[in-house]
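Asks:
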Amino acid sequence: MSDSAPMPGFPDGFTWGAATAAYQIEGATRDGGRGPSVWDTFAAQPGRIADGGTGEVACDHYHRYAEDVALMADLGIGAYRFSIAWPRIQPAGTGPANADGLAFYDRLVDELLSHGIDPVATLFHWDLPQALEDRGGWLTRDTAQRFAGYADMVAERLADRVRLWITLNEPFVHMTFGYGLGVHAPGRTEMFGAFPAAHHQLLGHGLAVAALRARGAAAVGITNNYSPVRIIGAGTTTTDTGGGAGATSTSGTSAGADPGTTSGGAELADRAARDAYHALHNRLFTDPLLGRGYPEQAPGLDLSVVRDGDLDVIAAPIDTLGVNYYNPTGVRAPEKGSPLPFELVPLAGFPRTSFDWPVVPDGLYDLLVGLRREYGAGLPPIQITENGCAYDDVVGPDGRCADPERIAYLDGHLRAVARAIDDGVDVRGYFVWSLLDNFEWAEGYTKRFGLVHVDYATQTRTPKSSFSWYRALINRR
Ligand code: IFM
379 MSDSAPMPGF PDGFTWGAAT AAYQIEGATR DGGRGPSVWD TFAAQPGRIA DGGTGEVACD
439 HYHRYAEDVA LMADLGIGAY RFSIAWPRIQ PAGTGPANAD GLAFYDRLVD ELLSHGIDPV
499 ATLFHWDLPQ ALEDRGGWLT RDTAQRFAGY ADMVAERLAD RVRLWITLNE PFVHMTFGYG
559 LGVHAPGRTE MFGAFPAAHH QLLGHGLAVA ALRARGAAAV GITNNYSPVR IIGAGTTTTD
619 TGGGAGATST SGTSAGADPG TTSGGAELAD RAARDAYHAL HNRLFTDPLL GRGYPEQAPG
679 LDLSVVRDGD LDVIAAPIDT LGVNYYNPTG VRAPEKGSPL PFELVPLAGF PRTSFDWPVV
739 PDGLYDLLVG LRREYGAGLP PIQITENGCA YDDVVGPDGR CADPERIAYL DGHLRAVARA
799 IDDGVDVRGY FVWSLLDNFE WAEGYTKRFG LVHVDYATQT RTPKSSFSWY RALINRR
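Residue numbering for the sequence shown follows this note's numbering, starting at 379 and increasing by one per position.
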């Protein structure tokens, strides 16, 4: 059930949007001269994807984009965040732009604009051309240079019409799941040796910012996924402002208490665990972007790949920080001898999505005010570039798809955004993840995040009740 109190107002000009990503919806992986991506390779390997699914057809958006833009127009969104598949533009990762690939995004952008919807384009949402992975992928510096060349090609064609460019989506997830743990493409298991994939993504971002600006891009940003960190230990629940980005503690100290004067050894160890996880997940991809260099507390930080001048490139000014939020992370001090400086602990006592993720709207408030507290005036205006939830939505015999849990989720999180804005955080927009049910990476088609249900056998789109709820919210006066 959503809150019965009226939803607070949002500032004039606030952007209401929805988001998707190329590999998750486009399908048509062999059409228009597209080359193979790391996700084509990975998904084809037995056992990698929960239901054995691949992105080969997905939502067939490549062929049905006009129908999907009509749905967006019906929804009333002012902006649509999509990603561009690098292997459509450079099928082998190098060389001149593929005309058919550019033409697809050209048509999509024009279709959006003809419906009054601003295009927000992400350049990299994890689908690296396989040929570049074969040369070392993001573990090599060369990929950062090539990313800038690709950004230039795309911007040459689209910079006159794209309202906001997002260079990278969630580089933390791509580094950790793709290069560290191997549960996402390209499936490498470097563990903490994956840090070069962080640095080269960030370097690629900085180089791409310069390329986009040179082509007259209207606005440029990057999207990180953030997770405020909560200590799960013995004691009563309190909020502790000491850990930045909305860190919360259950360790029994009062808010903002100085750990040096009030904490016992176990508590100090929990705080160290929290700070290490916060540095790895949240600060590693924000401190250098905002000119602070890499946080020393981040585990696995081997700065030997960082060359003179790199940090200046990475800290090129951006117009927007894209924030993705799904849930906080619980941590405590690790057992003696653990290779990790933290232990992850499930957060109990919250409703859960079908992904088993806890639903914690306050975490979004904590995160936003935490970013503001941590980076102060250096924090660019924020767009919430993703927020949403998976549930096992079904279309009933009456042809309707009711998803009251999603309505409650969105309602709660938007109230958290409104509260943060009220408290002085400059949030300019909100994009629901996702417009459509789609290919959820290692989970295949088993997780439905859409405002619109997709029947993958027939490609029938059925707007869920959350679609009507979001439309009413966008259109209220
Ligand atoms: O589906 C993903 C998306 O590609 C990146 N952010 C999180 C979403 C839900 O897991």
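Positions of the beta carbon are idealized from the N, C-alpha and C atoms, including for glycine.
#1: On the DSSP letters alone, give me the boundaries of the alpha helix (DSSP H) that I467 sits inside.
#2: Would you check if there are 3 or more beta carbon pairs closer than 8 Å linking the stretch 447–462 to the stretch 419–434?
#3: Is the stretch 677–697 touching the stretch 560–575 in the sense that three or more CB pairs, one from each, lie closer than 8 Å?
#4: According to DSSP, is N603 part of a helix, a strand, or is it coil?
#5: For a test of the three-state rule: what should DSSP assign to H493, helix, strand or coil?
#6: I'd like the span of the alpha helix (DSSP H) that includes G748, first residue to last.
#7: Would you say V691 and Y655 are within 7 Å of each other, going by their C-beta atoms?
#8: Need the endpoints of the beta strand (DSSP E) that H831 sits in, please.
#9: For N853, collect the residues of the same chain with a Cβ closer than 8 Å to its Cβ; drop the 5 residues on either side in sequence, then sort them by chain order.
#10: Could you give the C-beta distance for L590 and A522, rounded to a whole number, given that I count them as a contact under 8 Å?
#11: In this structure, what does DSSP give as the bridge partners for W394?
#12: Assess contact between the stretch 756–765 and the stretch 693–703, defined as three or more Cβ pairs (one per stretch) separated by less than 8 Å. Is contact present?
#13: I think L542 touches G599, with their Cβ atoms under 8 Å apart; what is that distance to the nearest whole Å?
#14: Helix, strand or coil for I785, going by three-state DSSP, please let me know.
#15: Strictly under 7 Å for the Cβ-Cβ distance: is A421 near chain D by that measure?
#16: Can you check which of these residues, F482, K842, L449 and D381, is closest to G777 by C-alpha distance?
#17: List, from N- to C-terminal side, the alpha helix (DSSP H) runs of 4 residues or more that fit wholly inside the stretch 400–471.
#18: If we count the other Cβ atoms within 10 Å of its Cβ and call it buried at 16 or more, is G643 buried or exposed?
#19: Helix, strand or coil: which one does DSSP assign to L517?
#20: Starting from N853, trace the beta strand (DSSP E) in both directions and tell me its first and last residue.
#21: Pull the bridge partners of Q378 from the DSSP assignment, please.
#22: So, with DSSP's three-state summary, where would you put N547?
Replies: To lay it out plainly:
#1: Here residue 467 is taken as the residue at index 89 of the sequence shown, counted from 1. It spans W464 to I467 - the alpha helix (DSSP H) in which I467 sits, taken as one unbroken run.
#2: Because the criterion of three Cβ pairs below 8 Å is not met, the stretch 447–462 and the stretch 419–434 do not touch.
#3: Yes, they touch.
#4: Numbered from its first residue, the sequence shown carries residue 603 at position 225. Secondary structure of N603 (DSSP, three-state): strand.
#5: Here residue 493 corresponds to residue number 115 of the sequence shown, with the count starting at 1. In the structure shown, H493 sits in coil (DSSP, three-state: anything other than H, G, I, E or B).
#6: One-based indexing of the sequence shown puts residue 748 at position 370. Secondary structure note for G748: its alpha helix (DSSP H) is the uninterrupted segment P739 to Y753.
#7: Mapped onto the sequence shown, residue 691 falls at position 313. Mapped onto the sequence shown, residue 655 falls at position 277. It is not a contact, given that the beta carbons lie outside the stated cut-off.
#8: Reading the sequence shown from its first residue, position 453 is the one you call residue 831. Counting along the chain, H831 sits inside the beta strand (DSSP E) bounded by residues V830 to D833.
#9: As a first step, residue 853 is located in the sequence shown; it is residue number 475 there, counting from the start. Counting only Cβ-Cβ distances below 8 Å, and skipping sequence neighbours, we find G454.
#10: Residue mapping note: residue 590 aligns to position 212 of the sequence shown, counting from 1. Residue mapping note: residue 522 aligns to position 144 of the sequence shown, counting from 1. Not confirmed; about 15 Å, so no contact.
#11: Working through the sequence shown from its first residue, we reach residue 394 at position 16. W394 has Y808 as its beta-bridge partners, per DSSP.
#12: At 8 Å Cβ cutoff, the stretches touch.
#13: Numbered from its first residue, the sequence shown carries residue 542 at position 164. Numbered from its first residue, the sequence shown carries residue 599 at position 221. Here L542 really is in contact with G599; their C-beta atoms are around 6 Å apart, less than 8 Å.
#14: As a working mapping, residue 785 is identified with position 407 in the sequence shown. Correct three-state label for I785: helix.
#15: The question asks about chain D, but that chain is absent: this structure has only one protein chain.
#16: Numbered from 1 along the sequence shown, position 399 holds the residue referred to as residue 777. For G777, the nearest C-alpha among the options comes from K842.
#17: Whole alpha helix (DSSP H) segments, 4+ residues: 400–403, 416–421, 439–453 and 464–467.
#18: Numbered from its first residue, the sequence shown carries residue 643 at position 265. Answer is exposed; the Cβ neighbour count stays below 16.
#19: Here residue 517 is taken as the residue at index 139 of the sequence shown, counted from 1. Of the three classes helix, strand and coil, the one that applies to L517 here is helix, per DSSP.
#20: Position 475 of the sequence shown holds residue 853. Not the beta strand (DSSP E): N853 falls in the alpha helix (DSSP H), residues S843 to N853.
#21: Because the chain is modelled from 379 through 855, residue 378 falls outside the range shown and cannot be assessed.
#22: Taking the sequence shown and counting its residues from 1, the one referred to as residue 547 is at position 169. Strand, per DSSP.
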